[in-house]
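Counting from 1, one number per residue, gives the positions in the sequence shown under the UniProt record's numbering.
Idealized CB from N, CA, C, for every residue including glycine.
Taking it in order: structure first as structure tokens, then the write-up.
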Amino acid sequence: MIALRVYRLLPPPVRRTLLGMLPAHRRIGLVRTFSRRRGGDTVHPLGARVRVSDGGIRTHAEVVATTSPLEQWHRNLTAVTSALESAGIEYHCIRNDDHLRSTVAVLDDHRPAVRRLIRSAPALSGAHVRVVQVKPGRDQPDAVPTEVFQVCFPVTDARAGVVLGTRFACEIEFWSRHGDVVRAPRRNGVVDEAPAEAQPVRVAAALMSHFVPEADDHSYGTRRDLAVRAPDRVGFPIDAVYTWVDGSDPQWLKRKSIALGTPDGPLHAIAANSSRYHNRDELRYSMRSLHSFAPWLRRIFLITDSQLPSWLDPSHPMITLVSHTELFADLGGRSSYNSHAIESRLHRIDGLAEHFLYLNDDVFLGRPLLPTHFFHANGIAKFFPSPAQFGLGEARPEDPPVKAAGKNNRRHIQRQFGVTITQKMKHTPFALRRSIMQQIEGRLPAEVTATARHRFRHHGDLAIPSSLHQYWAFLTAQAVPGDIEYEYADLGHPSTPARLAELLARRHRDVFCLNDTDSDPRSFQEQEAMLADFLPRYLPFPAPFELPDDVVAERRKVGAGELWRRSYRPMVDGRRPAPIDAPTMPNSLLRTVNDFPAALLRRDE
């Protein structure tokens, strides 16, 4: 097809310009036709083995209903260690420089036996094995490249769009013996040379990778002298916080209508725009991205105005619901329609960790990330400045609320620290600390309280977690700028279908934001179709806190407000009762969340 070839030869900016000239109803179909996408529209049965591309190499992958990068990391490592143990081959696990892979070290004398084992061991039946050449460490200039066996069990979703394979492989490397020492064939995260004799121990999986959470209860065999905690490993708990609203819920619409009749002051046109409250199930996929790509998070706190997403199991131990009634208890416990107000109270959430990520439901992780993408191991937070600027002058009622809040932030930073800020922050997860938000409220109590009292966005608001916190923390030596691969797409922009197609094909961003600031309600149907195609393809594997589809279908009929009324139980003596008056997933299927780190060192029996 000539048109297809010509389109793919065009630079991305030219493609977007051409697509912007088309009628809205034709863009999505043409982008789907013209764009290269992994997978297709064919739905493969569970358990089938389908032909896929894994790291540029064609192989077969098993179709599964649900999995995650962390599960595959464990599956690959467990299979290799089980096979070695069954064959009586000594090994030790060691931290890989790539935290998404694991390493098992075996003496070079056992190389022939390992080769035979890979072909015959029941535990490795169906595994994909790749032999790769690796370079030795810098302190071994005379050494030649050596081979490493990458072992994995590739899996994919029903459309074969996502492949979890060699990116999470277990690598078998061969150490050489030189007298009374053994030497690693390449650089690793611990040591290049060690005594030949060492005591075997079992250690928590968290010591093997920064990607593995502290609460993970898996353990693996290694040597006592290699069972060390790296100084750059984040050892403190990190939570996530969302704010969410279903703008179509009748009960919520009634409350909002009453509130609009008694506003706090003049409203900017965007302050109560319907696009700000429109629900397209983004939260489901944003939270799914956390489960897949940030398994090290401890809990997810969801702030809602007495609403419950139909797909969410509120009894899951990783989920904590927070109502506006709780959040604004000291201000009358009334509903708020102002994200600035809600955000000003995040540090008051009971049980929230000192370090946490704050996300809007239009922000998604794009690939596996480590805690150090957001926090240094010493607790210092990272922030990600945007090229976008606040604009000059003082905040005015006619300013868009976001710009007005940025100007107010600038005024207070100038007064407190004598510097003038100009840049906004990227729409990423914001790495925040409760203590810093408490400092801000302690220094600006009247301004923070005024923001909290505004039920709709107001030109006098502060935007605390989206820029004030970052600059305040930076100027008090508690945060530093960081780097993150990021994509921002406005759902109302004509180029967005092409941007999403590129994201789906390349999966090259750490974070992406699908923002909708002021869309025409007439375009909602097009946007919903676009997201309904994109999000399930990008994130096809459900999280354990999602309910089965048949249950979700029944709950959607009830409505978010009514689901909350049936399901929510207020806190009593610091605890929330468990009974839920709605169908949910059996607790036996849920992963246990432990607030405390797993034992770091366990001796073999």
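**OP:** Could you check which residue in E197, E193, A196, A215 has the C-alpha nearest to that of V203?
**Re:** In the sequence shown, the residue the question calls residue 203 occupies position 203. With distances taken between Cα atoms, V203 lies closest to A215.
Subject >> Beta carbon of V480 nearer than 9 Å to that of K426 >> reply: Translated into positions along the sequence shown, residue 480 becomes position 480. Translated into positions along the sequence shown, residue 426 becomes position 426. No, the pair does not count as a contact, with Cβ atoms beyond the cut-off.
Subject >> Contact belief for W244 with G561 at Cβ below 8 Å, rounded distance in angstroms >> reply: In the sequence shown, residue 244 corresponds to position 244, counting from 1. In the sequence shown, residue 561 corresponds to position 561, counting from 1. Not a contact, Cβ separation roughly 13 Å.
Original post:
For K135, which residues of its own chain have a beta-carbon under 7 Å away from its beta-carbon, when the five flanking residues on both sides are left out?
Top reply: As a position in the sequence shown, residue 135 is number 135, starting the count at 1. For K135, where only same-chain residues beyond five positions count, the Cβ hits under 7 Å are P145, R186.
Original post:
Is it the case that the Cβ atoms of H64 and R49 are separated by a distance below 9 Å?
Top reply: Position 64 of the sequence shown, counted from the first residue, corresponds to residue 64. Position 49 of the sequence shown, counted from the first residue, corresponds to residue 49. Note that residue 64 corresponds to Val in the displayed sequence, not to His. Cβ atoms of V64 and R49: not closer than 9 Å.
**OP:** Could you pull out every residue in the same chain whose Cβ sits closer than 7 Å to the Cβ of I580, ignoring the five residues on either side in sequence?
**Re:** On the sequence shown, position 580 is the one that residue 580 refers to. Residue placement at I580 is poorly supported in this model, since its pLDDT is 38, which falls under 50; the coordinates still yield a value, given next. These residues qualify, in order along the chain: P314, S315, S567.
Original post:
From A353 to G442, what distance separates their C-alpha atoms?
Top reply: The residue you call residue 353 lines up with position 353 of the sequence shown. The residue you call residue 442 lines up with position 442 of the sequence shown. Each residue's Cα considered, the two are about 19 Å apart.
Original post:
What are the complete beta strand (DSSP E) segments, minimum 3 residues, inside the UniProt domain "Stealth protein CR3 conserved region 3" (426-473)?
Top reply: 430-433
**OP:** Compare the beta carbon distance of L432 and H355 with 9 Å and say whether it is the shorter of the two.
**Re:** The sequence position of residue 432 within the sequence shown is 432, counting from 1. The sequence position of residue 355 within the sequence shown is 355, counting from 1. Result yes, Cβ atoms of L432 and H355 sit closer than 9 Å.
**OP:** Please name the residue or residues paired with N515 in a DSSP beta bridge.
**Re:** Locating residue 515 in the sequence shown gives position 515, counting from the first residue. According to DSSP, which records beta bridges pairwise, N515 is partnered with D490.
**OP:** Please name the residue, chosen from D305, S435, A79, F374, that lies closest to F153 on a Cα-to-Cα basis.
**Re:** Here the question's residue 153 lines up with position 153 in the sequence shown. It is A79 whose Cα lies nearest to the Cα of F153.
Subject >> Stretch-stretch touch, CB-based, cutoff 8 Å, three pairs: the region 402-409 with the region 460-467 >> reply: yes
Subject >> Whole runs of the beta strand (DSSP E) within the region 194-277, excluding any shorter than 3 residues >> reply: 200-204, 219-223, 238-244
Subject >> Cβ-Cβ distance between Y285 and Y538 below 9 Å >> reply: Mapped onto the sequence shown, residue 285 falls at position 285. Mapped onto the sequence shown, residue 538 falls at position 538. Against a cut-off of 9 Å, the Cβ pair of Y538 and Y285 comes out as a contact.
Subject >> Beta-carbon proximity of C513 to D362, cut-off 9 Å >> reply: Counted from its first residue, the sequence shown places residue 513 at position 513. Counted from its first residue, the sequence shown places residue 362 at position 362. Taking 9 Å as the Cβ cut-off, C513 and D362 qualify as a contacting pair.
Subject >> DSSP beta-bridge partners of S323 >> reply: Reading the sequence shown from its first residue, position 323 is the one you call residue 323. BP columns for S323 point to T304.
Subject >> Among V155, M530, Q438, nearest to S344 - alpha-carbon criterion >> reply: The residue you call residue 344 lines up with position 344 of the sequence shown. Checking every option, the nearest Cα to that of S344 belongs to Q438.
Original post:
Quick one: Cα of G55 to Cα of L504, how far?
Top reply: Against the sequence shown, residue 55 aligns to sequence position 55. Against the sequence shown, residue 504 aligns to sequence position 504. Approximately 15 Å, taken between the alpha carbons.
Subject >> Identified DSSP bridge partners for W175 >> reply: On the sequence shown, residue 175 is found 175 positions in, with the first residue counted as 1. W175 is bridged to L107.
Original post:
Are there 16 or more other CB atoms within 10 angstroms of the CB of Q72, so buried, or fewer, so exposed?
Top reply: Against the sequence shown, residue 72 aligns to sequence position 72. Answer is buried; the Cβ neighbour count reaches 16.
**OP:** Taking only the alpha-carbon atoms, compute the straight-line gap between L331 and C170 and give it to the nearest angstrom.
**Re:** Stepping through the sequence shown from its first residue, residue 331 is reached at position 331. Stepping through the sequence shown from its first residue, residue 170 is reached at position 170. Straight-line Cα distance between these residues: approximately 54 Å.
Original post:
Among R229, R95, L124, which one has its Cα closest to the Cα of residue 692?
Top reply: Here the chain has residues from 1 to 605 only, and residue 692 is not among them.
Subject >> Where the beta strand (DSSP E) through D54 begins and ends >> reply: As a first step, residue 54 must be located in the sequence shown, where it is residue number 54. 49-54 is the extent of the beta strand (DSSP E) around D54.
Original post:
Tell me which same chain residues have a C-beta within less than 6 Å of the C-beta of H128, skipping the five on either side of it?
Top reply: The residue you call residue 128 lines up with position 128 of the sequence shown. Answer for H128: T59, C152, P154, listed in chain order.
**OP:** Look up E546 in the DSSP assignment and give the residues it is bridged to.
**Re:** What you label residue 546 is simply residue 546 of the sequence shown in a count that begins at 1. In the DSSP output, where bridge partners are listed per residue, E546 has L312.
Original post:
For F306, which option in A158, A205, H373, R255 has the closest C-alpha, if you only look at C-alpha atoms?
Top reply: Here residue 306 refers to the residue found at position 306 of the sequence shown. A quick correction: the sequence has Ser, not Phe, at residue 306. Nearest C-alpha to S306: R255.
Original post:
When the Cα atoms are used, what is the spatial distance from R101 to R167?
Top reply: Looking up residue 101 in the sequence shown gives position 101. Looking up residue 167 in the sequence shown gives position 167. Their backbone Cα atoms lie some 7 Å apart in a straight line.
Subject >> A388 versus L500 - alpha carbon distance >> reply: For the purposes of this step, residue 388 is taken as residue 388 along the sequence shown, with counting starting at 1. For the purposes of this step, residue 500 is taken as residue 500 along the sequence shown, with counting starting at 1. One C-alpha to the other measures close to 22 Å.
Original post:
For the alpha helix (DSSP H) that contains P536, what are its first and last residues?
Top reply: In the sequence shown, counting from the first residue as 1, residue 536 sits at position 536. Per DSSP, P536 belongs to the alpha helix (DSSP H) from 524-538.
Subject >> Start-to-end residues for the alpha helix (DSSP H) that takes in K557 >> reply: Translated into the one-based positions of the sequence shown, residue 557 becomes position 557. Here K557 belongs to no alpha helix (DSSP H), and DSSP marks it neither H nor E.
Subject >> Buried/exposed call for P540, threshold 16 Cβ in 10 Å >> reply: The residue you call residue 540 lines up with position 540 of the sequence shown. Counting Cβ neighbours within 10 Å, P540 comes out buried, since at least 16 surround it.
Subject >> CA nearest to the CA of R453, picked from A341, D41, S435, H508 >> reply: As a working mapping, residue 453 is identified with position 453 in the sequence shown. Of the candidates A341, D41, S435, H508, the one whose C-alpha sits nearest the C-alpha of R453 is A341.
Original post:
Considering only the beta carbon of each residue, do H211 and L70 sit closer than 9 Å?
Top reply: Within the sequence shown, numbered from 1, the residue matching residue 211 stands at position 211. Within the sequence shown, numbered from 1, the residue matching residue 70 stands at position 70. The question names His, but residue 211 in the sequence shown is Phe. Their beta carbons are under 9 Å apart, which means F211 touches L70 by this criterion.
Subject >> Residue closest to L370, alpha-carbon to alpha-carbon, out of H291, P195, V182 >> reply: Within the sequence shown, numbered from 1, the residue matching residue 370 stands at position 370. Nearest of H291, P195, V182 to L370, Cα basis: H291.
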